[in-house]
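*Asks:*
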Amino acid sequence: MLISNQKFNRTETFKTAIIDIGSNSVRIVILKGLKRSPEYFYNEKVICKLGFGVKAKGFLNPEGITLAFKTLARFSLLISKMKVDKTIGVATAAVREAKDGQEFLGKVSKETGISFRVLSGRQEAKYSAKGVLFGWPKANGLVCDIGGLSVEFCEVLKGEILSAQSVNLGPLAFANEKEMEGQKRSFKHSLKNINSKLTRKNKSVFLVGGAWRALAKVDMELKGYPLKILHEYRMRSKEMEETASWCLSQSEAEIIKRTGLSEARVSSIKHACRVILDLILILKPDKFFVSSYGLREGLFFEKLDECVKVQDPLIEVSLDYEKRSARFPGFGVELYDWVLPIFSKLTKLEQKVILSACLLHDTIWFAHPDYRSELCVDTITRANMVGIDHSGRLFLGLALAFRYKGGAQISELPTFRILRQRDKEKAIILGKAMRLGALLSGSALGGLRKAKLSVSSKELVLMIDEDAKALAGGIVKKRLVSLGDALNLKAKLVIENV
4 MLISNQKFNR TETFKTAIID IGSNSVRIVI LKGLKRSPEY FYNEKVICKL
54 GFGVKAKGFL NPEGITLAFK TLARFSLLIS KMKVDKTIGV ATAAVREAKD
104 GQEFLGKVSK ETGISFRVLS GRQEAKYSAK GVLFGWPKAN GLVCDIGGLS
154 VEFCEVLKGE ILSAQSVNLG PLAFANEKEM EGQKRSFKHS LKNINSKLTR
204 KNKSVFLVGG AWRALAKVDM ELKGYPLKIL HEYRMRSKEM EETASWCLSQ
254 SEAEIIKRTG LSEARVSSIK HACRVILDLI LILKPDKFFV SSYGLREGLF
304 FEKLDECVKV QDPLIEVSLD YEKRSARFPG FGVELYDWVL PIFSKLTKLE
354 QKVILSACLL HDTIWFAHPD YRSELCVDTI TRANMVGIDH SGRLFLGLAL
404 AFRYKGGAQI SELPTFRILR QRDKEKAIIL GKAMRLGALL SGSALGGLRK
454 AKLSVSSKEL VLMIDEDAKA LAGGIVKKRL VSLGDALNLK AKLVIENV
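With my numbering, letter number 128 in the sequence shown gets 131, and the count goes up by one each step, no holes.
1) Would you decide whether Ile478 is buried or exposed? Buried here means 16 or more other CB atoms lie within 10 Å of its CB.
2) Pick out the complete beta strand (DSSP E) segments inside the region 127 to 165, 3 residues or longer, and give them in chain order.
3) Going by DSSP in three states, Ile232 sits in which element: helix, strand or coil?
4) Does the distance from the C-beta atom of Phe209 to that of Phe292 stay below 8 Å?
5) Do the CB positions of Gly134 and Gly25 come within less than 8 Å of each other?
6) Kindly indicate the opening and closing residues of the alpha helix (DSSP H) around Thr262.
7) Taking Ala404 and Ser376 to be in contact with their CB atoms under 8 Å, please state how far apart those CB atoms are, rounded to whole angstroms.
8) Residues in its own chain within less than 8 Å of Leu230 by CB, not counting five upstream and five downstream?
9) Ser207 bridges to which residues according to DSSP?
10) Under 7 Å from any heavy atom of the ligand GDP, does the C-beta of Ser347 make it?
11) What does Asp470 pair with, by DSSP beta-bridge criteria?
12) What are the boundary residues of the alpha helix (DSSP H) that Val29 is part of?
13) Can you check the region 405 to 459 for any beta strand (DSSP E) of at least 3 residues that lies completely inside it and give the ranges in chain order?
14) Less than 8 Å between the beta carbons of Lys73 and Val311, yes or no?
15) Which same chain residues, not among the five before or five after Glu158, have their C-beta less than 7 Å away from its C-beta?
16) With DSSP as the reference, label Ala20 as helix, strand or coil.
17) Measure the C-alpha to C-alpha separation of Leu251 and Gly61 and round it to an integer number of angstroms.
18) Per DSSP, what kind of secondary structure is Lys495 in: helix, strand or coil?
19) Given that a residue counts as buried once 16 or more other Cβ atoms are within 10 Å of its Cβ, and exposed if not, what is Ala369?
20) Tell me the rounded alpha-carbon separation between Lys10 and Lys89.
21) For Ile285, which residues of its own chain have a beta-carbon under 7 Å away from its beta-carbon, when the five flanking residues on both sides are left out?
22) If we ignore side chains and look at the alpha-carbon of each, how far apart do Met238 and Val211 end up?
23) Check the DSSP bridge columns for Lys48 and list the partner residues they point to.
24) Can you give me the C-alpha to C-alpha distance between Leu465 and Ser347, rounded to a whole angstrom?
25) Where does Tyr43 sit, in a helix, a strand or coil, going by DSSP?
26) Kindly indicate which three-state DSSP category Ile38 falls into: helix, strand or coil?
27) Classify Lys89 as helix, strand or coil using the three-state DSSP reduction.
28) Rounded to the nearest angstrom, how far is the Cβ of Leu496 from that of Lys480, given a contact under 8 Å?
29) Can you give me the C-alpha to C-alpha distance between Asn8 and Gly333, rounded to a whole angstrom?
30) Which two residues bound the contiguous beta strand (DSSP E) that contains Phe331?
31) Kindly give me the distance between the Cβ atoms of Gly138 and Ser294, rounded to whole angstroms, as I take these residues to be in contact under 8 Å.
32) Does DSSP put Ser270 in a helix, in a strand, or in coil?
33) When the Cα atoms are used, what is the spatial distance from Met4 to Ala436?
34) Report the partner residues of Arg482 according to the DSSP bridge assignment.
35) What residues in its chain sit with their C-beta under 7 Å from that of Phe107, if we drop five residues either side in the sequence?
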């Protein structure tokens, strides 16, 4: 066998399935790897509306039960076929509140062989917060997770979880639009009660849940926002207020027409708008952040070893990409050390993003040369990456585009209007430096030991060892001059001992 002598790290292939029986949907996500940035191996959601009618009747929706049984039987079979190593099953508000919730879970466990744990409201809030910390390791603010039947609130401070609360304010808690409208006082009273229990004023609110993501998508469409990634999307309170008010003034048909949202999702968006407007009025946050990660990621995150939890998610996913796709894994760190002298006064975040770019610099080598720059931008702006905001993604994409040819044309795309001019300039400098380093070394391990970059107030200097002067041949001088131009410095090539 061709790979018979290859050793695999068991944690790299370990598959974890998380099944979440929610009030509105039943979901499964299968994550590959017991690591800080696991691969999303499989993801499926089925709208069952188990929580519809629970508040009024006290029992799970009969039609939802039938669909949930079929869905969970399918998930059980998939878990077996995909050879999943560990399964985590949880149920939330609908099963928690319904009189027949335990009976339903007993039948499900008997038929599927999967054990399910019913989470309390506080537990649900805390796991959602852990999911946010999965994407934002040092998040500070209030996590707000809107589900079908309940809304959870949990404070986070520098990676630590503080107070957690849950209230039955989800859209399925009300029979119809009229009943929702009549519950305005209830919303405000509940939010005032929550506010009184918070340990501090939270300027940032992290939004978890499909209704919030739908609202963010509406905001994106109304603004003509160029990057269609919901995770880390940011809105000021005033912007959120305007978008929520717009949604409440429009028919569902008009919202669908303007945004392309599904009818099922739009049906819950107006309720979410009422909740968010009351939240702004009472809690007075400054800004909102959308999180694509919540309860399921929180359940996964809790199971990781402590030494893994503290790893930086952006660097870990970049290392994974390098390991899988680069011609010479390990060279990225050498390239980072080599380009660093041309930058001054970098923040820790800037250092991290530059390291990520260097780790990723050779992961698109297999593409046709004419399309590598374009593919770099497409890959980075759409990749399942955490620990980086939208500006950071675009910085990475632009730097990697300039690592190949065609970067100048790429930089004119409307997508990059989000990026500040000084960050664009820095990304271009980094891209050209990586291009020079890759050319000198062939991106091979140890290939830059005989060369050194340095800058002064007037010059960019590339020094190459006498015994490696052949490296200076070809188009190296041209690449050096191009980098010097980006730095507004005169480029100089020196052959001597480094």
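Backbone N, C-alpha and C fix where the C-beta goes; we use that ideal spot for every residue, glycine too.
*Replies:* Considering the structure as presented:
1) exposed
2) 144 to 149, 154 to 160
3) coil
4) yes
5) no
6) 255 to 262
7) 4 Å
8) Thr384, His393, Arg396, Leu397, Thr418, Ile421
9) Lys290
10) This structure lacks the ligand GDP; in fact it carries no ligand of any kind.
11) DSSP, once it has assigned bridges, lists no residue as partnering Asp470.
12) Here Val29 belongs to no alpha helix (DSSP H); instead the beta strand (DSSP E) covers 28 to 35.
13) 454 to 458
14) no
15) Leu145, Leu165, Ser166, Leu201, Thr202, Asn205
16) strand
17) 30 Å
18) strand
19) The identity of residue 369 in the sequence shown is Phe, whereas the question assumes Ala. Exposed.
20) Confidence at Lys10 is low in this model, with a pLDDT of 40, below 50, so its placement is unreliable and no value can be given for it.
21) Lys191, Leu194, Lys195, Asn198
22) 14 Å
23) Arg30
24) 17 Å
25) strand
26) The displayed chain sequence assigns Lys, not Ile, to residue 38. Three-state DSSP puts Lys38 in coil, outside helix and strand.
27) strand
28) 6 Å
29) Because the pLDDT of Asn8 is 39, which lies under 50, any placement of that residue in the model is unreliable, and the number read from its coordinates should be weighed accordingly. Distance between the alpha carbons of Asn8 and Gly333 is about 21 Å.
30) Per DSSP, Phe331 belongs to no beta strand (DSSP E) and is neither H nor E.
31) 6 Å
32) helix
33) Low per-residue confidence applies at Met4: pLDDT is 30, beneath 50, and the placement is therefore not dependable enough to give any value.
34) In DSSP, Arg482 forms no bridge with anything.
35) Leu63, Ile68, Val98
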